[in-house]
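For the sequence shown, my numbering assigns the number 40 to the initial residue and increments by one for each residue that follows.
Before any comments, here is the structure.
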Amino acid sequence: MTDDTVDRDDGHSYAARGGLAAGAVALQAGAGLGPNARAPVALANVVLAVVGLVVAYHTLQAYGRDGERSTLLFGGGLFLLTTGRAVLSLTVLTLQSIFGLVSPLLGGLDLGLGVPLGVVIAGVAELLDIVGLVAVFYALLE
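Written out as structure tokens, the structure is:
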């Protein structure tokens, strides 16, 4: 993958890596996917979200039985790592499908925040991962 700087019409520029603004803008789910390839990716994310919800439900039940805080943290961390990430990825795929956007355009889209939407989405995805991993790690230490 190569790093390039892409200039936009409004005079701003953003970093693009392999055609995606800010690296993993589309969470590597919609990266260069055509309309026909988005359906299997969306289906995989739905399955991931459902499995994450089932795991979170069972850990919540275990927390209710035992009252162990580590169980709650573990389940919450796994929920963020699975369901949270899948919902974010499905949101990106939905935005791309509704607006007919491809990943680089989504990455360069500025909603008046002064930061491209792709950077915001990538930041939220990374935050979900960090918080989820910290919760799981802390649960294992307790």
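Idealized CB from N, CA, C, for every residue including glycine.
Given the structure is predicted, the values throughout are model-derived calculations rather than measurements.
Under a 10 Å Cβ-count criterion, asparagine 75 is classified as exposed, with fewer than 16 other Cβ atoms of the shown protein chains found around its own Cβ. Measuring C-alpha to C-alpha distances from valine 86 to each of Gly116, Thr98, Val126 identifies Val126 as the nearest. Threonine 121 and glutamine 100 have their C-alpha atoms spaced approximately 18 Å apart. Proximity to phenylalanine 176 across Gly103, Arg77, Phe113 peaks at Phe113, based on C-alpha coordinates.
A direct Cα-to-Cα measurement between leucine 180 and glycine 116 gives close to 14 Å. Residues of the same chain with a CB within less than 8 Å of the CB of arginine 77, apart from the 5 flanking positions on each side, are Gly69, Leu132, Gln135, Ser136 in chain order.
Boundaries of the alpha helix (DSSP H) around glutamate 165: 156 to 180. Distance between valine 163 and aspartate 105, taken at the CA atoms: about 32 Å. Rounded to the nearest whole angstrom, the C-alpha separation of aspartate 168 and glycine 153 is 24 Å.
For threonine 110, the enclosing alpha helix (DSSP H) begins and ends at 108 to 118. With a 10 Å radius around the Cβ and a threshold of 16 neighbouring Cβ atoms, alanine 178 comes out buried.
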